[in-house]
């Protein structure tokens, strides 16, 4: 290790090989309990340096764990899956290396953040919109895309809106995917597949290489943008909403994601836990949340989405959404910039005229309104401070502030019945474990929904880390029993990533080929049930549930 | 080989191992010259039989070349890339194994044809539309999708509208991709990626496995369907049209592919070569085609596309298309079923009123009108008989009828300048080699165009096979020099499929892992410039053009 550190320092220069205990401490801290130690952080600033560093790692057999910006909050932050890995922090690779206004794309390095791209487009007065997730504005575009993250706009399904990866293999060699396999191919940034078998999928949710560049597609700014928001009175209204909106997603009327947040999730965005009103008792019961949502004016489920187009296209979309949701929701409002400006100026008179308190609505919807047009926000991070006793600071750092947060996000077909099963199951489990069931359900594609369940707690309360972990395990196992697998895993759940069988064997062979020394991101999306990294009860989720398949 | 045939017969039953010379002759005949011999055809009817047959092949080291229905016309039909392969004909696997009207998908085996799915949906009075290509109604859905074929509807980009592959490896093992890696996962048919690295891209344009099942996504029938057709006077009008329509594709107004066919391409769909008028001289000159297109009423470029939605959505789309094309095109017409019915009844009076000969227009546009709503047609196969001296038969079989046909289909960014370069280059090369430049340019995605160049000739004319081959080589090399690579390859051009470098090494390692005996589809999307299968002049396209990339 000492020799490797010396070599890395000669490659990267002094200051880019970090071993001070503050940095190491912060790099090995997530939003839940971890015990992995990090011996050093190396910070290359170019693809060539990444290549050289990986050659050194391979030669000395030292495990390396790359992170883009380390903001994978709720899934492990920058903490490696296993103990003793050197973190390769790609945050200094912050170049936007290509940009095309006509064809709508940008090519970025892993350190480029949501906020950076947003400002880049704004400063050029570009007519292109990016997609943003509700996570930190400082999170990496590449990092999020490689985890199949998603946002709210028509380009919200990130892993289906990129092209043209540049990937460094553990050997130090690099490759480009699609048409970029050969030099100078014109269609490389716009036509992902290239010719022959497609390799790019191998590097998504993967430990086979370090992605050092990616082309991300951007949408043109529409003539008219209009967001819509609705809420419904009862938990039981959820399935009807999903079934009413799916046809509009399928026929192309709604191209944004449709985001449905339950009452607990909305409340956590507005305020912290009502310690006083509950006499410090947790969790917040169903009766209590019902009272609060009636008082504060939100629903059991609260939906959002947007329309993009000409005035007439948007008007027709509005009519179709109204028609679809009639009888299914309590309130449906459409918002645009003009209405927002009006509302913030004349919320008093508006209230008199319409009976609606727009200001209150605005507080709830403004961050989502921005996300629907690709504006990053740190507002949604507030909810991670839900159980804390002190208010969220201006600069939020969930790791540092010991916010407890674990996500569990199963995918299902976009049908009300599935949405209902997921929501019911999650609510029951979370409440039983003493946590509030904060849920969202997003129609991310025409056919699929993702239910994002968050376990939100205070890491400063003794025993909570353990209780949260047990709760997460039950969630994952219960979902799996019913056939719902998560779209993405936290570092503590990687054993779920591969059932036994042929696909895993193929990936093992690939891993062996590109990383014979096994130095890269050990355990990341490769652990199996028979690995060390098992459930707390020693259970094998795939095997116990009869989900092993093959021949 | 004899032992293998005996074992295959014991697995498949008599009649499913075919060695009669008529069958072998027809299986080794394409729409251009080939010399590969086929010793036998085996015809499994289930995944289990495919597994057993491949185990036998691996044990005896006998090369096998699977085809779905063998209708890969213009790219090699059912002929193997190299000599001596046994053809595995999957045409008997014709089951539609799953169908979901609500979520819009169907799961099929490789023998399921376009026509079969069309009739299946029609017979169930389904409200789902399939996408169809202009190739034979008898072509396989899986075969076309695995070659990244494309059609005309919003689901026209086939390789981005499937999920859930079942693949048999040469070892005889099988796997499923995405969430189907584990049993009983609900989202498998609707969420392609699954969890962890994505394997399905490896089996597209590939020789790594035999795909025995695929889920194909289907679009809901719109309330209103309206096709549009336009033409323009000059070759030089092409770039402006591409640039005018791209923004409508990018902003979601047009979700269909937009198909632009040049004058030669249109003429070949209406009639055969005008032998009399030209005194048997070929090729048809630019002056001659100009005269013919003016006489017959089509343009230098002829465009088509469609709108899908409610009456108002379609009306607004119409307005936007009119606005975009104003000044760029001669004639722009919108057609729906009502207008078509009216036109065929009252074409005489209509002509009096409007001066337009609708019947003539209809003859040109009807097959495309059908394709834009996913109705397969064999009309476009007529053009393959362009240079024949006898009219196309009712049942068209391009291989049997010795139609000469080779496709070459480069991809480019969706910009007028690229379209113009491709069309100009292709026209110059084809005419110089004595062939008519039949071209189409399709905006297949928001950002990419594919230019399909066809070399159409009569295989019964001595020397034409050779001349066509030389012409194809020049096309491929000239396109490659300027950075345009084809989206798909014919069996005679497979050496283009891999530049030297890291991606090819990864695929080699994979091939070695899944097919150590090298029995499956040898040469298919794996040949490199240094392989036996080189250009006629011994050239290495990638190396000579400086397109080799890597480290």
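Residue numbers (my numbering), protein chains in the order written: chain A, 18 to 568; chain B, 18 to 568.
Think of the CB as a built atom: it goes at the ideal place given N, C-alpha and C, for glycine as much as any other residue.
Quick caveat: nothing in here was measured; it's all calculated off a predicted structure.
Checking 9 Å against the spacing of the C-beta atoms, do residue i and residue j come in under that value?
{"i": "residue 324(A)", "j": "residue 314(A)", "result": "no"}
{"i": "residue 101(B)", "j": "residue 54(B)", "result": "yes"}
{"i": "residue 260(A)", "j": "residue 317(A)", "result": "no"}
{"i": "residue 113(B)", "j": "residue 131(B)", "result": "no"}
{"i": "residue 322(A)", "j": "residue 461(A)", "result": "no"}
{"i": "residue 398(A)", "j": "residue 153(A)", "result": "yes"}
{"i": "residue 148(B)", "j": "residue 168(B)", "result": "yes"}
{"i": "residue 582(B)", "j": "residue 48(B)", "result": "Outside the shown range of chain B (18 to 568) lies residue 582(B), about which nothing can therefore be said."}
{"i": "residue 265(A)", "j": "residue 271(A)", "result": "yes"}
{"i": "residue 424(B)", "j": "residue 91(B)", "result": "yes"}
{"i": "residue 96(A)", "j": "residue 44(A)", "result": "yes"}
I think residue i touches residue j, with their Cβ atoms under 8 Å apart; what is that distance to the nearest whole Å?
{"i": "residue 503(B)", "j": "residue 212(A)", "result": "7 Å"}
{"i": "residue 170(A)", "j": "residue 161(A)", "result": "Not a contact, Cβ separation roughly 14 Å."}
{"i": "residue 384(A)", "j": "residue 396(A)", "result": "4 Å"}
{"i": "residue 214(A)", "j": "residue 221(B)", "result": "6 Å"}
{"i": "residue 528(A)", "j": "residue 517(A)", "result": "The Cβ separation is near 16 Å, so there is no contact."}
{"i": "residue 84(A)", "j": "residue 57(A)", "result": "Not confirmed; about 13 Å, so no contact."}
{"i": "residue 205(B)", "j": "residue 191(B)", "result": "Residue 205(B) to residue 191(B), Cβ: 15 Å. No contact."}
Does the Cβ of residue i lie closer than 8 Å to at least one heavy atom of the ligand SAM?
{"i": "residue 260(B)", "result": "For the ligand SAM, the structure offers nothing, since it holds no ligand at all."}
Expressed to the nearest angstrom, what Euclidean distance is found between the alpha-carbon atoms of residue i and residue j?
{"i": "residue 408(B)", "j": "residue 401(B)", "result": "11 Å"}
{"i": "residue 28(B)", "j": "residue 499(A)", "result": "37 Å"}
{"i": "residue 552(B)", "j": "residue 175(B)", "result": "With a pLDDT of only 49 at residue 552(B), under the threshold of 50, the placement of this residue in the model should not be trusted, and no figure is reported."}
{"i": "residue 18(A)", "j": "residue 496(A)", "result": "42 Å"}
{"i": "residue 414(A)", "j": "residue 42(A)", "result": "14 Å"}
{"i": "residue 129(A)", "j": "residue 521(B)", "result": "30 Å"}
{"i": "residue 166(B)", "j": "residue 465(B)", "result": "14 Å"}
{"i": "residue 348(A)", "j": "residue 337(A)", "result": "15 Å"}
{"i": "residue 306(B)", "j": "residue 509(B)", "result": "30 Å"}
{"i": "residue 77(A)", "j": "residue 177(A)", "result": "37 Å"}
{"i": "residue 263(A)", "j": "residue 240(B)", "result": "16 Å"}
{"i": "residue 286(A)", "j": "residue 251(B)", "result": "60 Å"}
{"i": "residue 355(B)", "j": "residue 207(B)", "result": "35 Å"}
{"i": "residue 567(B)", "j": "residue 111(A)", "result": "Reliability of the predicted coordinates at residue 567(B) is poor, the pLDDT of 46 falling under 50, and the value obtained from them is presented with this limitation in mind. Between residue 567(B) and residue 111(A), the C-alpha separation is close to 23 Å."}
{"i": "residue 579(B)", "j": "residue 469(A)", "result": "Summary: the structure shown does not reach residue 579(B), with chain B confined to residues 18 through 568, and so no result is reported for it."}
{"i": "residue 487(A)", "j": "residue 194(B)", "result": "30 Å"}
{"i": "residue 289(A)", "j": "residue 282(A)", "result": "11 Å"}
{"i": "residue 479(A)", "j": "residue 489(A)", "result": "17 Å"}
{"i": "residue 549(A)", "j": "residue 514(A)", "result": "Unreliable positioning characterises residue 549(A) in this predicted model, as indicated by a pLDDT of 45, which lies under 50. The coordinate reading is nonetheless provided below. Their backbone Cα atoms lie some 14 Å apart in a straight line."}
{"i": "residue 432(B)", "j": "residue 291(B)", "result": "34 Å"}
{"i": "residue 37(A)", "j": "residue 31(A)", "result": "13 Å"}
{"i": "residue 458(B)", "j": "residue 436(B)", "result": "7 Å"}
- Could you please tell me which residues of the stretch 56–73 of chain A, in chain order, have their CB closer than 8 Å to any CB of chain B? Going along the stretch 56–73 of chain A in chain order, one finds 68 with a Cβ nearer than 8 Å to chain B.
- Task: Report yes or no: do the stretch 390–406 of chain B and the stretch 127–138 of chain B share at least 3 C-beta pairs separated by less than 8 Å?
- Result: Using a C-beta cut-off of 8 Å, the stretch 390–406 of chain B makes contact with the stretch 127–138 of chain B, since at least three inter-stretch Cβ pairs fall below that distance.
- Item | Stretch-stretch touch, CB-based, cutoff 8 Å, three pairs: the stretch 474–487 of chain B with the stretch 428–444 of chain B | In short, these stretches do not touch, since the Cβ pair count stays below three.
- Contact residues within the stretch 481–504 of chain B, judged by C-beta distance below 9 Å to chain A: Listed by position along the chain: 497, 499, 500, 501, 502, 503, 504.
- Message: Three Cβ pairs or more, each shorter than 8 Å: is that satisfied between the stretch 525–538 of chain B and the stretch 182–195 of chain B?
- Response: When C-beta atoms of the stretch 525–538 of chain B are compared with those of the stretch 182–195 of chain B, three or more pairs fall below 8 Å, so the two segments count as touching.
- Message: Along the stretch 311–331 of chain A, where does the CB come closer than 8 Å to a CB of chain B? Name the residues.
- Response: So the close ones are 325, 326, 327, 329, 330.
- Is it true that the stretch 294–310 of chain A meets the stretch 228–235 of chain A, where meeting means three or more beta-carbon pairs spaced less than 8 Å apart? Result no; under three Cβ-Cβ pairs closer than 8 Å.
- Query: Between the stretch 431–465 of chain A and chain B, which residues of the former have a C-beta closer than 8 Å to a C-beta of the latter?
  - Reply: So the close ones are 431, 432, 435, 462, 463, 464, 465.
- Query: Can you list, in chain order, the residues of the stretch 75–108 of chain B whose Cβ is nearer than 9 Å to any Cβ on chain A?
  - Reply: Within the stretch 75–108 of chain B, no residue places its CB atom closer than 9 Å to a CB of chain A.
- Report the residues of the stretch 348–359 of chain A with a CB closer than 8 Å to any CB of chain B, ordered along the chain. Only those residues of the stretch 348–359 of chain A whose C-beta falls short of 8 Å from the nearest C-beta of chain B would be listed, and there are none.
- Message: Using a Cβ-Cβ cutoff of 8 Å, what residues of the stretch 219–238 of chain B are near chain A? List them in chain order.
- Response: Listed by position, the residues of the stretch 219–238 of chain B near chain A (Cβ gap below 8 Å) are 219, 220, 221, 222, 223, 225, 234, 236, 237.
- Scan the stretch 532–544 of chain B for residues whose Cβ lies nearer than 9 Å to a Cβ of chain A and list them as they occur along the chain. From the stretch 532–544 of chain B, only 542, 543 have a Cβ closer than 9 Å to chain A.
- Message: Tell me which residues of the stretch 109–122 of chain A have at least one Cβ-Cβ distance to chain B shorter than 7 Å, keeping chain order.
- Response: Near chain B, meaning a CB-to-CB distance below 7 Å, the residues of the stretch 109–122 of chain A are 119, 120, 121.
- Listed in chain order, which residues of the stretch 188–200 of chain A have Cβ atoms closer than 8 Å to some Cβ of chain B? Of all residues in the stretch 188–200 of chain A, 189, 190, 191, 192, 193, 194, 196, 197, 198, 199, 200 have a Cβ within less than 8 Å of some Cβ in chain B.
- Residues of the stretch 258–272 of chain A whose Cβ lies closer than 9 Å to any Cβ of chain B, in chain order: Within the stretch 258–272 of chain A, the qualifying residues are 260, 263, 264, 267, 268, 269, 270, 272.
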